[in-house]
Structure formats: C-alpha cells, structure tokens
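Protein chains in written order, with our numbering: chain A, -5 to 195; chain B, 71 to 311.
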C-alpha cells in the first residue's frame, strides 16, 4: 500500500470517528474540538473520546491510588520515617481496593429487584437488612478513611514546610494504618455480631 | 468554531500545562485513577500540537516562507503518529513483564510525557530562532536542532520513567528501555519519512516530503562529517542547494 493510499484510509477512518463524536450530545465547542482531534489523531483520541468517561474498575482503584499517592507525598518529608515500606503500602493499598470493590458489589446487589425490601419477608428481609447495614458501616469506614488520607496529605505538606513530625502526626499515621488493616474485620465482624444478636434474642 | 466557544475549552489546557509543569504527581494520580481522562487527553494532545508546532515553525524559519507552514504541520504529526504507533507496545510489553497494564492509562502516560517534551521544545524555540537570526551555517544548525530535541526528549523520558514507577513499581527499567527503543526507531523512521524540516535558505521550492533514501543513521554520520568541513558530493545534497 502506498503512502497516499494509507493516508486516505487513515483520513477516512478519522472522518468516521469525527462524525460519531459530532452526533453525540455534548457542548458544541467541545464537540467540534473533539471531532477535529478525532479526524487528525483518531488512534490516540478514540480510546478516550468514544468510550465512557469512567469505568467501574477505575472507581474501585481510586481509593487505593489516593492511599498510595498520600503515602508517596509523605515519603519525602520527616513523616517518611513513620510510614510503612513500599511492599507493605502496596499490600494495604490492595486491601483498600478490595474493600471498595466489595462495597460496590453490595450496592449492585441491593439494586436488584430480589433485594428490594418492599414485599420481602422472613429470612429474605433479614438478609436484605443485614446487607444494608453492612453497606452503611463499610461505606462510613471508607469515607472516614478518605478523610484521614486527605488529612495525611495536608499534614505531610505542613511537616515538609514546618519541620519534624509531632505526636499528632504520628497518631494520624498510626490510625490510618490500623484502619486500613482493620477493613477486613468490618466485613468479618458484621455477620458474627448479627448472629450473636439473634442468639441473645 | 467561534472565539467565545474557543475560550470555553481553553482553561482546561491552560490548567493542565500548569499542573504538568508544577505538580507532576497530580497528573500521574489523574492517570492512575482514570479521572476524567477524555478531558486530560484532549488537553495533552492540544499541548503537544502547539508546543511542537511552534518549534516546527521555528525550524522552517531557517528558510522562511512556505517551509514554516510545512514544518509546523509535520512536526506535530511526527510526534503524535509515532505515539499512536508505539503506545500499544507499552501495554503489551508491560503485560509481558508482569506489570499491571491498562491501554488507556498507558496511552495517557505516553501522551503526558510527550506533552512535557513539547513544552520543552517550545521553550527551546528561542534558541533556534537565535540561530536563524545569526545565520548559523546549515549543518551546524542541524546539530543545534538535534541537541535541542535530545534535551527535550530527555525531559520526556524522565517524566515517562517516573510515571511508570508511579503506576506500578514492577519492571520499570526494562519496560522503559524497551519502549524507548521502539519509540526511537519508529520516531526516527517517521521523521525520516516526513523530512525535510530544515532546508537551506537558498532552496527555491521547498518540498513537502522527500523521497525515502538511505537511513537516519547514515544522515547523522554525513551531517557530522559535513559540520567538520568534510563534505560529500551526494546527489540529494545538491538537490536543495
């Protein structure tokens, strides 16, 4: 195939991709810009502009990334001495990702018609309520952890500019690490706690 | 597209350039979390186009006239088409070496490294314009350009290697070396195919592209010899004199 034929084929595919972008509902300015970029550089832009903006996997991974990023930012500061090594941090990050994944899984389950409380009774109703409690508790844990990570990020900047880490910072790092380590226990404890409650009744 | 419509999309790119220069980790975080990648990639491609276009126009200014337009169009094409051809290799090499590979993330990382390279090229443009103004001899000018490109490339490679490490710490060095090799070979051939970017001022009719002949390495060796005053009487040398 000659260079000219190759260029014509490239342009044809680009025009096709550009037309798809133009037909999508979006702001006119962005639509035209995207279409122009598509025509010229469709191999680079198509994977991003023709697919959904955010995949579910991305959501699951973001907590892990935020955690690792917060640790990395803090590593270059006097806080570094208090932080876990890279392998431990990765393991904790994975645990965080698994936790976020489990939460998403529970939410997906609860969206199903058979997990609707209306019309449910007996063991089914108990299970639905148990799942809801689990989701709320787990979601709260993750939210609090995200807030602590945000605190760690700001604290790392303060320590970097103001000097050595104080006891408050040490406590914060310890709390974050123990919270991440304890995420599994939240899921493990909940059924046991509920069983104990049922037995005591 | 109207001016008001253009101003609506401009802040994304301006913010991104700022972030790319000031806080590299923030860009890596956005890529790793796949946070609003379409906006990020749109801005990165625009940054690459503008940075390399400015440098390309400066290269064309050595001869002036139509060559400024040709070089200004061709240089962004060389960079972005090379990326399009090479980015899938990063995902494949990463997967083969046991890294956590993801095509969209890898492509965004390569584009961010390229955007940084283009910004460096844009920053080095005054040096090329100085050479044009001082009427530096043709072969010496080529060496100036190679040095500027090497420096800008180094900026991009450092960014790329740090990004690889940020995304996954496994097999960073081997992945970076293999991808740089692939990128260099494809990039050289792409720029060789779309040459010339610099032509002598006395060239009457600058060509859009030349016939493919010899290799990139032959040309570097010949240019180095010519810069030392050892000229070879080659047919294609005469063609643009």
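We put the CB at the ideal spot given by N, CA and C, even for glycine.
So, are the CB atoms of residue 84 of chain A and residue 95 of chain B less than 9 Å apart?
no
I'd like to know if the region 126 to 137 of chain B and the region 102 to 118 of chain B are in contact, where contact means that at least 3 CB-CB pairs between them fall below 8 Å.
no
Mapping DSSP to helix, strand and coil, what is residue 176 of chain B?
Reduced to three states, the DSSP call for residue 176 of chain B is helix.
Does the Cβ of residue 205 of chain B have 16 or more other Cβ atoms within 10 Å, making it buried, or fewer, making it exposed?
exposed
Quick test of the definition: if touching needs 3 or more C-beta pairs under 8 Å, does the region 162 to 179 of chain B touch the region 193 to 204 of chain B?
No: the two stretches stay apart, fewer than three of their Cβ pairs being nearer than 8 Å.
I want to verify the contact list: residues of chain A whose CB lies under 7 Å from the CB of residue 148 of chain B, in sequence order.
The premise fails here: residue 148 of chain B is roughly 12 Å from chain A at the closest Cβ pair, so nothing lies under 7 Å.
Can you name the residues of chain D whose CB is closer than 7 Å to the CB of residue 59 of chain A?
The question asks about chain D, but that chain is absent: this structure's protein chains are A and B.
What residue range is occupied by the uninterrupted alpha helix (DSSP H) comprising residue -1 of chain A?
-3 to 17
What residues of chain A sit near residue 154 of chain B, judged by a beta carbon separation below 8 Å?
35, 37, 38
Provide the residue span of the alpha helix (DSSP H) that contains residue 130 of chain B, from first to last.
107 to 130
Give me, in chain order, the residues of the same chain whose beta-carbon lies closer than 7 Å to that of residue 176 of chain B; leave out the 5 immediate sequence neighbours on both sides.
Contacts found: 157, 160, 161, 164.
Are the beta-carbon atoms belonging to residue 174 of chain B and residue 107 of chain B less than 9 Å from one another?
yes
For residue 121 of chain A, does the count of other Cβ atoms within 10 angstroms reach 16, so buried, or fall short, so exposed?
exposed
Whose Cβ in chain B lies nearer than 7 Å to the Cβ of residue 13 of chain A?
Going along chain B, no residue has its Cβ under 7 Å from residue 13 of chain A, so there is no contact; the nearest lies around 17 Å.
Run through DSSP, which three-state label would residue 107 of chain A get?
helix
How close, in whole Å, do the beta carbons of residue 253 of chain B and residue 97 of chain B come, if the pair is a contact with beta carbons under 8 Å?
Approximately 19 Å separates the beta-carbon atoms of residue 253 of chain B and residue 97 of chain B; this is outside 8 Å, ruling out the contact.
Cβ of residue 9 of chain A less than 9 Å from any chain B Cβ?
no
Short check: CB of residue 184 of chain B to CB of residue 118 of chain B, under 9 Å?
yes
How would you list, in chain order, the residues of chain A whose beta-carbon sits under 7 Å from the beta-carbon of residue 173 of chain B?
41
If residue 103 of chain A and residue 125 of chain A are in contact, beta carbons under 8 Å, what's the gap, nearest whole angstrom?
7 Å
Give me the residue from A:34, A:19, A:17, A:41 with the minimum Cα distance to residue 172 of chain B.
Minimum Cα distance to residue 172 of chain B is reached at A:41.
Just the chain A side, please: which residues come within less than 9 Å of residue 112 of chain B by C-beta, in chain order?
24, 27, 28, 31, 39, 42, 43
Taking all protein chains shown into account, do 16 or more other C-beta atoms lie within 10 angstroms of the C-beta of residue 93 of chain B, making it buried, or fewer, making it exposed?
exposed
Note down the Cα distance separating residue 79 of chain A from residue 279 of chain B, rounded to an integer number of angstroms.
54 Å
When the cut-off is 9 Å and only beta carbons count, does residue 84 of chain A lie next to chain B?
yes
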